[in-house]
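S.K.: Taking the working numbering, the leading residue of the sequence shown gets 88, the next gets one more, and so forth.
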Amino acid sequence: MSIQEIYDYLATFDGWDRYDIDGDGNFDEADGYIDHFQIVHAGVGEETGGGAQGEQAIWSHRWYTSYQGI
Numbered sequence: 088m089s090i091q092e093i094y095d096y097l098a099t100f101d102g103w104d105r106y107d108i109d110g111d112g113n114f115d116e117a118d119g120y121i122d123h124f125q126i127v128h129a130g131v132g133e134e135t136g137g138g139a140q141g142e143q144a145i146w147s148h149r150w151y152t153s154y155q156g157i
């Protein structure tokens, strides 16, 4: 596989944000709102004891806010 073929293949993974919370079809928001944000952590979360990190581990959770009413 050539370098260009590798670049072309990897470019298929570079997509704009497909989460459009306000439903206006604009995925490159200029409204100042982030439509989706996600953090993934490795290891045991503090909610299950924290593993080797103990109390210094991240407490896993999820949360959302609604565009409705803003």
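Every residue gets a Cβ at the ideal spot worked out from N, C-alpha and C, and that includes glycine.
Between T152, W150, V131, which has its C-alpha nearest Q143's C-alpha?
M.R.: The residue you call residue 143 lines up with position 56 of the sequence shown. Per the Cα distances, V131.
S.K.: The alpha helix (DSSP H) spanning E92 covers which residue range?
M.R.: On the sequence shown, position 5 is the one that residue 92 refers to. Taken as a continuous stretch (DSSP letters only), the alpha helix (DSSP H) holding E92 covers 90-98.
S.K.: W150: which of Q125, Y96, N113, A129 sits nearest, CA to CA?
M.R.: Position 63 of the sequence shown, counted from the start, is the residue given in the question as residue 150. Closest option to W150, Cα to Cα, is Q125.
S.K.: Whole angstroms are fine: how far does the CA of F100 sit from the CA of F114?
M.R.: Position 27 of the sequence shown holds residue 114. Position 13 of the sequence shown holds residue 100. Distance between the alpha carbons of F114 and F100 is about 16 Å.
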